[in-house]
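Single-structure report; data block below.
There are 2 protein chains.
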Amino acid sequence: MAKTTGRAHRGGHSGVSIEDVAAAAGVSTATVSRAVRGLPRVSPATREKILGVAEELGYVASSSASGLATGRTRTIGVLAPFVSRWFFSKAIEGADRELHARQYNLSLFNLGGHGSHRERLFSKTMVYKQIDALLVLCMALTHEEIEHLQKIDIPLVVVGGHVEECPYIGIDDYAAAAAAVRHLIELGHTEIALLHGDDETDLNFDVPRVRIKAFQDVMAEAGLNVRKEWDEWGDFTVRSGQDAFHRLWDRPGPKPTAIFCASDEMAMGIIFEATRAGVRIPEDLSVIGIDDHDFSEAMGLTTVRQRPDEQAELGTKMLLDELDGIAGAVRSTVAPHQLIVRSSTGSPGRRASPLPPSN
Amino acid sequence: MAKTTGRAHRGGHSGVSIEDVAAAAGVSTATVSRAVRGLPRVSPATREKILGVAEELGYVASSSASGLATGRTRTIGVLAPFVSRWFFSKAIEGADRELHARQYNLSLFNLGGHGSHRERLFSKTMVYKQIDALLVLCMALTHEEIEHLQKIDIPLVVVGGHVEECPYIGIDDYAAAAAAVRHLIELGHTEIALLHGDDETDLNFDVPRVRIKAFQDVMAEAGLNVRKEWDEWGDFTVRSGQDAFHRLWDRPGPKPTAIFCASDEMAMGIIFEATRAGVRIPEDLSVIGIDDHDFSEAMGLTTVRQRPDEQAELGTKMLLDELDGIAGAVRSTVAPHQLIVRSSTGSPGRRASPLPPSN
DNA sequence: CTGAAAGCGCTAACAA
DNA sequence: TTGTTAGCGCTTTCAG
Chain D
38 MAKTTGRAHR GGHSGVSIED VAAAAGVSTA TVSRAVRGLP RVSPATREKI LGVAEELGYV
98 ASSSASGLAT GRTRTIGVLA PFVSRWFFSK AIEGADRELH ARQYNLSLFN LGGHGSHRER
158 LFSKTMVYKQ IDALLVLCMA LTHEEIEHLQ KIDIPLVVVG GHVEECPYIG IDDYAAAAAA
218 VRHLIELGHT EIALLHGDDE TDLNFDVPRV RIKAFQDVMA EAGLNVRKEW DEWGDFTVRS
278 GQDAFHRLWD RPGPKPTAIF CASDEMAMGI IFEATRAGVR IPEDLSVIGI DDHDFSEAMG
338 LTTVRQRPDE QAELGTKMLL DELDGIAGAV RSTVAPHQLI VRSSTGSPGR RASPLPPSN
Chain B
38 MAKTTGRAHR GGHSGVSIED VAAAAGVSTA TVSRAVRGLP RVSPATREKI LGVAEELGYV
98 ASSSASGLAT GRTRTIGVLA PFVSRWFFSK AIEGADRELH ARQYNLSLFN LGGHGSHRER
158 LFSKTMVYKQ IDALLVLCMA LTHEEIEHLQ KIDIPLVVVG GHVEECPYIG IDDYAAAAAA
218 VRHLIELGHT EIALLHGDDE TDLNFDVPRV RIKAFQDVMA EAGLNVRKEW DEWGDFTVRS
278 GQDAFHRLWD RPGPKPTAIF CASDEMAMGI IFEATRAGVR IPEDLSVIGI DDHDFSEAMG
338 LTTVRQRPDE QAELGTKMLL DELDGIAGAV RSTVAPHQLI VRSSTGSPGR RASPLPPSN
């Protein structure tokens, strides 16, 4: 241990300090510092010796101390509204990959589910001075929050949704939604319902809006009628898809032959309830989603794939590059999407068949 | 800003320091420190004044500095093998709830998917001196890793699985599995297959083993025959459930009337493929899982519920209590489980009916 | 109740 | 190539 006196009264954290290593190796702390960080200006012999001693003593630099000295924490923050929903957990994994590879730590800030909407406003305190950069995952943010973020003046990027004035990475939501709707139309559907995501008014988040717009535009383009009664909404969960199905079906009047869902989870909700109600997929109802959730392949759900993990990985890379001094590394980028046709969509033709094929 | 000279050359992090606040409030840094942390020995008047100034200046204490001074980071680490699987993402959410409530940060260490098995061995470096305590999520750990962890001499608890010599929180896996199998037996099933989890030999992780043992014991107890060909395994994913179904069905010989799956995701895989193959659930095949995954209710999957979020929340609370000086706060605890009967299980009776009811 | 001052462990000029 | 030395910003005795 070091020689100072003031140590004993502190919180008993054991731990070998750089001084211990320096002493044991017969060099100065400065040299140890260079050696362990792999910096130049250390002779091979000295370096080897120091590394040996460090290893032996089990030395690990204190992140607080080096953080204080350098002004960097080597930690990046990830802000998410949920962690257990598909998009977010995948994105976190992606961010982690890049972070791990570059020896950074990941600090997770989960804004969802904590108290009131008001209180969730991340007290600057939360992230301030604790992270070197921030990755925001597809959050609906208030203007106030955006301002806060920008004041914190650290590299920042948002993944999975536009937030005004912030660089973002995500798919072209308009094009993705349009591709889904076109697929349905090409199959011959004309009676198409829409299950869109929450609007979250006043929360600066336009992913739902953009997808709705795409739906309307493509329908109009094709000269198809958009029925108001078939305009349903959900919150991206399976549950909300189930509820939407019932609102659609437990009501008199004609039924759509296809439904475009703004997320796979909602599409699954539709499929579960449809099946339960004896509505066959895709004979009676074609269902398409967006995402390509882990379960979608198993369920045969046709969808427009996106890769949140890759989006987050890229965003993280940009952040880290920026921190490495590459100015302009962080820039808005459009991520790819791809239509994946499976068995939940088909032509509306067989619909009226009185008896199902022996299936 | 402060007055020192050595500042300019550092990494341009702006930021108001405690000295700035002290100066602006006309008090010493010691007093500011007490005031902002809500410690006693500050007159109400002074405190108010300081808080006002701090607010105005946007002061936030540097975590590195206070970490260095106190030896605490106010961060706890969460070690997980995956983040996007149900159990883990739920557990992370649970841990976060408690952490957030107590003003701690959550540092996520994702061991899965990173390079080779060897390399994944968490270099002590990774967590050492960066966190005050560690929550390990249901990890299969090598002996070496366990040793490492114990050397790091910080509060530690594992959630969701036994790890020898470590305090753990989780359901009684034996009882939970037994409850599932008994449910099947009570329904009248005698031909029961098992889809268990990976063994991960040599990784100190016995959840799969325990569940297998329970299955065998209960079957024996009931005088039922356990067929070797009906002993399947998977890795807890939907995909592996699908594969298992095919191994079971694409083979000549009698078929089971029920299957006990060690996880809901695997059970879902079975259901998806069974449905696709025309095997009706539960008329032809009853399926039961363990977990109560988010999708289980929607799918009508009978299961034994557990709440990873609550387990992790409790584990985190113990860790934090321990850090608060409550010695012995961390102790192994059995979490509750509960059989949830839905529509994927039923009596094997109708099995031989030549024609399905108009369903 | 308040302030002075000595560190916490590490880094980064600057000298040597 | 290596060491000296001044901090980084905050906490915590200890005195007053």
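Protein chains in written order, with my numbering: chain D, 38 to 396; chain B, 38 to 396. Where a beta carbon is used, it is the ideal one built from N, C-alpha and C, also for glycine.
Exercise. Helix, strand or coil for Gly-225 of chain B, going by three-state DSSP, please let me know.
Key: What you label residue 225 of chain B is simply residue 188 of the second sequence in a count that begins at 1. Reduced to three states, the DSSP call for Gly-225 of chain B is coil.
Exercise. Specify, as a first and last residue, the run of the alpha helix (DSSP H) that Ser-369 of chain B falls within.
Key: Counted from its first residue, the second sequence places residue 369 of chain B at position 332. Unbroken run through Ser-369 of chain B: none, as it is neither H nor E.
Exercise. Can you grab the Cα-Cα spacing for the pair Asn-262 of chain D / Phe-297 of chain D, in whole Å?
Key: In the first sequence, counting from the first residue as 1, residue 262 of chain D sits at position 225. In the first sequence, counting from the first residue as 1, residue 297 of chain D sits at position 260. So the two alpha carbons sit approximately 14 Å from each other.
Quiz item: Is DSSP giving Arg-74 of chain B helix, strand or coil here?
Solution: Translated into positions along the second sequence, residue 74 of chain B becomes position 37. Three-state DSSP puts Arg-74 of chain B in a helix.
Quiz item: CB-CB under 6 Å to Asp-209 of chain B, same chain, minus the five flanking residues each way: which ones, in chain order?
Solution: The residue you call residue 209 of chain B lines up with position 172 of the second sequence. Within the same chain, Asp-209 of chain B has close Cβ partners Val-371.
Quiz prompt | Whole-number beta carbon distance between Ala-299 of chain B and Arg-248 of chain B, since they are thought to touch under 8 Å | solution = Against the second sequence, residue 248 of chain B aligns to sequence position 211. Against the second sequence, residue 299 of chain B aligns to sequence position 262. Yes, Arg-248 of chain B and Ala-299 of chain B are in contact; Cβ-Cβ is about 5 Å, under 8 Å.
Self-check item: Three-state secondary structure assigned by DSSP to Gln-167 of chain B
Solution: As a position in the second sequence, residue 167 of chain B is number 130, starting the count at 1. Of the three classes helix, strand and coil, the one that applies to Gln-167 of chain B here is coil, per DSSP.
Quiz item: Is there at least one Cβ from chain D nearer than 8 Å to Leu-145 of chain B's Cβ?
Solution: For this step, residue 145 of chain B is matched to residue 108 along the second sequence. Yes, because at least one Cβ of chain D sits closer than 8 Å to the Cβ of Leu-145 of chain B.
Quiz item: To the nearest angstrom, how far is it from the Cα of Ala-409 of chain D to the Cα of Phe-252 of chain D?
Solution: Lying outside 38 to 396, the shown extent of chain D, residue 409 of chain D is not represented and no answer is given.
Quiz item: In whole angstroms, what is the alpha-carbon distance linking Ala-82 of chain B and Trp-123 of chain B?
Solution: On the second sequence, residue 82 of chain B is found 45 positions in, with the first residue counted as 1. On the second sequence, residue 123 of chain B is found 86 positions in, with the first residue counted as 1. Taking the straight line from one Cα to the other gives about 51 Å.
Quiz prompt | Minimum Cβ-Cβ distance from Gln-343 of chain B to chain D less than 8 Å | solution = To locate residue 343 of chain B, count along the second sequence from 1; it is residue 306. Output row for Gln-343 of chain B: interface = no.
Quiz item: By the 10 Å Cβ neighbour count, where 16 or more other Cβ atoms means buried, how is Ser-54 of chain D classified, buried or exposed?
Solution: The residue you call residue 54 of chain D lines up with position 17 of the first sequence. Buried, since its Cβ has 16 or more Cβ neighbours within 10 Å.
Exercise. Please confirm whether any heavy atom of the ligand NAD lies closer than 7 Å to the CB of Glu-258 of chain B.
Key: Because no ligand of any kind appears in the structure shown, any question about the ligand NAD cannot be addressed here.
Quiz item: What does Gly-207 of chain B pair with, by DSSP beta-bridge criteria?
Solution: Reading the second sequence from its first residue, position 170 is the one you call residue 207 of chain B. Gly-207 of chain B is bridged to B:Val-371.
Quiz item: Ends of the beta strand (DSSP E) at Ile-318 of chain D?
Solution: To locate residue 318 of chain D, count along the first sequence from 1; it is residue 281. Where Ile-318 of chain D is concerned, there is no enclosing beta strand (DSSP E), given that its DSSP letter is neither H nor E.
Quiz item: Does Gln-253 of chain B have its Cβ less than 8 Å from a Cβ in chain D?
Solution: As a first step, residue 253 of chain B must be located in the second sequence, where it is residue number 216. Judged by the 8 Å Cβ criterion, Gln-253 of chain B is not in contact with chain D.
Self-check item: Contact set between the region 346-377 of chain B and chain D, restricted to residues whose Cβ is under 9 Å from the partner
Solution: Asp-346
Quiz item: In angstroms, rounded to a whole number, what distance separates the CA positions of Glu-269 of chain B and Ile-307 of chain B?
Solution: Translated into positions along the second sequence, residue 269 of chain B becomes position 232. Translated into positions along the second sequence, residue 307 of chain B becomes position 270. Taking the straight line joining both Cα atoms gives about 12 Å.
Practice problem: Would you check if the distance between the CB atom of Ser-101 of chain D and the CB atom of Ser-101 of chain B is smaller than 8 Å? | Solution: Taking the first residue of the first sequence as position 1, residue 101 of chain D is located at position 64. Taking the first residue of the second sequence as position 1, residue 101 of chain B is located at position 64. Contact flag set, yes.
Quiz item: Any idea which residues DSSP pairs Trp-270 of chain B with across the strands?
Solution: Counting from one through the second sequence, the residue named residue 270 of chain B turns up at place 233. Answer is B:His-233.
Quiz item: At a CB-CB cut-off below 7 Å, which residues of chain B make contact with Gln-167 of chain D?
Solution: Taking the first residue of the first sequence as position 1, residue 167 of chain D is located at position 130. The answer, in chain order, is Ser-100 and Asn-142.
Practice problem: State the Cα-Cα distance for the pair Phe-125 of chain B and Asn-147 of chain B, rounded to the nearest angstrom. | Solution: The sequence position of residue 125 of chain B within the second sequence is 88, counting from 1. The sequence position of residue 147 of chain B within the second sequence is 110, counting from 1. Cα to Cα, Phe-125 of chain B sits roughly 10 Å from Asn-147 of chain B.
Practice problem: Express the C-alpha separation of Ala-60 of chain B and Thr-66 of chain B in angstroms, rounding to a whole number. | Solution: As a first step, residue 66 of chain B is located in the second sequence; it is residue number 29 there, counting from the start. As a first step, residue 60 of chain B is located in the second sequence; it is residue number 23 there, counting from the start. Rounded to the nearest angstrom, the two C-alpha atoms are 8 Å apart.
Practice problem: Determine whether the Cβ of Met-303 of chain D lies closer than 8 Å to any Cβ atom of chain B. | Solution: Position 266 of the first sequence, counted from the first residue, corresponds to residue 303 of chain D. Not an interface residue.
Quiz item: If you drop the 5 nearest sequence neighbours on each side, which residues of the same chain put their C-beta closer than 6 Å to that of Thr-339 of chain D?
Solution: As a working mapping, residue 339 of chain D is identified with position 302 in the first sequence. The residues are Ile-325, Val-378, Arg-379, Ser-381 and Thr-382.
Exercise. Could you name the residues of chain B that Ile-129 of chain D contacts, counting a contact when the two beta carbons are closer than 9 Å?
Key: Locating residue 129 of chain D in the first sequence gives position 92, counting from the first residue. Simply Val-120, Ser-121, Ser-126, Ile-129, Leu-145 and Asn-147.
Quiz item: Mind pulling the chain B residues with CB within less than 8 Å of Leu-116 of chain D?
Solution: Against the first sequence, residue 116 of chain D aligns to sequence position 79. Near Leu-116 of chain D there are no residues of chain B at all, since even the closest Cβ is about 12 Å away, more than 8 Å.
Quiz item: Of the residues B:Leu-143, B:Thr-294, B:Ile-206 and B:Ile-363, which one's Cα is nearest the Cα of Glu-347 of chain B?
Solution: For this step, residue 347 of chain B is matched to residue 310 along the second sequence. The candidate whose alpha carbon is nearest that of Glu-347 of chain B is B:Ile-206.
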